[in-house]
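Enquirer: In this note's numbering, the protein residues as written are -11 to 267. One structure, pasted below without further comment.
Here you go:
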């Protein structure tokens, strides 16, 4: 009987065990079509995304990340905590106040998400595994385009196709910048069409709300998310979690939030892959 040399078998096993995932980054990709960019110079210069993805993995999950900054500042730097994790990451730059007012930045978040849905499979990803996340204002944007279905409907995308919504300290009431645009004081709570809470529905994708310590968070941010979680449960949403990071304020909560985000993405992706028989 012919037997392969043990040394060759060991080398083969060693090579498989230590095979490295390879990644590529593409920066400054415009996510609006050319005809839109030609009509608006601010859209042309601002509405871009950075795309980091594995090149030798198929059906990988993708996290769309929206930066914070109160809808008035911030940039689309790729979070280093999400790199080298066998996933793709899309970091989105969007228009900012005071150059624009609501709902411009929400519309940008939807346009960027539509780009991912339309293009991710060209790179080996799977559009059944697209997750929404972001910190603070970015979390708010992720919540709005997931819960208020009209923004993605413009692109013939059902928001329920999103695999999971996992925002960091997102504002659940109407964002304070939008209230400012409406002449409403920063500490006057408002729930209108620009509030994620206004769009609570039981058929939304799985939701994991992550906040800092309720005593250290920004202007009742924990309580807003707690109320959102409660209302989702009351309408019989089947998959909602509220995670509070004890001892971390609004800014510091982001760092320990990333391992939680990755954990939830992996668990949800595994469940979806099993349900849809994806390799």
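Virtual Cβ for every residue (Gly too), placed ideally from N, Cα, C.
(1) Please report the straight-line C-alpha distance between residue 140 and residue 131, rounded to a whole angstrom.
(2) Check this for me: beta carbons of residue 253 and residue 152, under 8 Å apart or not?
(3) Taking the alpha-carbon positions, what's the residue 202 to residue 181 distance?
(4) Should residue 207 go down as buried or exposed, given a rule of 16 or more other Cβ atoms within 10 Å for buried?
(5) Following a CB-centred definition, is residue 98 positioned closer than 7 Å to any heavy atom of the ligand GDP?
(6) Assign residue 95 to buried or exposed, taking buried as 16 or more other Cβ atoms, counted over all protein chains shown, within 10 Å of its Cβ.
(7) Can you give the Cα-Cα distance for residue 210 and residue 121, rounded to whole angstroms?
(8) Go through its chain and collect everything with a Cβ distance to residue 47's Cβ below 8 Å, but skip five positions before and after it.
(9) Hey, which unbroken runs of the beta strand (DSSP E) at 3 residues or more fall wholly within the stretch 14 to 55?
(10) Classify residue 262 as helix, strand or coil using the three-state DSSP reduction.
(11) Starting from the C-beta of residue 59, find all residues in its chain whose C-beta is less than 7 Å away, skip the five residues before and the five after it, and write them out in chain order.
(12) Give the straight-line distance between the Cα atoms of residue 258 and residue 150, rounded to the nearest whole angstrom.
(13) By a C-beta neighbour count over all protein chains shown, 10 Å radius and 16 as the cutoff for buried, is residue 38 buried or exposed?
(14) For residue 274, collect the residues of the same chain with a Cβ closer than 6 Å to its Cβ; drop the 5 residues on either side in sequence, then sort them by chain order.
(15) If you check the beta carbons only, do residue 160 and residue 129 fall under 8 Å apart?
(16) For a minimum of 4 consecutive residues, which ranges assigned as the alpha helix (DSSP H) are wholly contained in the stretch 176 to 223?
(17) I'd like the span of the alpha helix (DSSP H) that includes residue 172, first residue to last.
(18) Give me whichever residues DSSP pairs with residue 121 in a beta bridge.
(19) Nearest-angstrom Cα distance between residue 247 and residue 22?
(20) Does the beta-carbon distance from residue 42 to residue 13 come in below 8 Å?
(21) Given residue 227, which residues of its chain have a CB within under 6 Å of its CB, disregarding the five upstream and five downstream residues?
Expert: Judging by the given coordinates:
(1) 12 Å
(2) yes
(3) Going from the Cα of residue 202 to the Cα of residue 181 covers about 26 Å.
(4) exposed
(5) Among the components of this structure there are no ligands whatsoever, and the ligand GDP is therefore not found.
(6) buried
(7) 17 Å
(8) 112, 113, 114, 117, 261, 266 and 267
(9) 36 to 42 and 48 to 54
(10) DSSP, read as helix, strand or coil, puts residue 262 in helix.
(11) 84, 85, 93, 125, 163 and 165
(12) 15 Å
(13) buried
(14) One cannot answer for residue 274 here, as it falls past the ends of the chain, which runs -11 to 267.
(15) Between residue 160 and residue 129, the CB-CB gap reaches or exceeds 8 Å.
(16) 209 to 222
(17) That residue, residue 172, is in no alpha helix (DSSP H); it is neither H nor E in DSSP.
(18) 53 and 154
(19) 37 Å
(20) no
(21) 194
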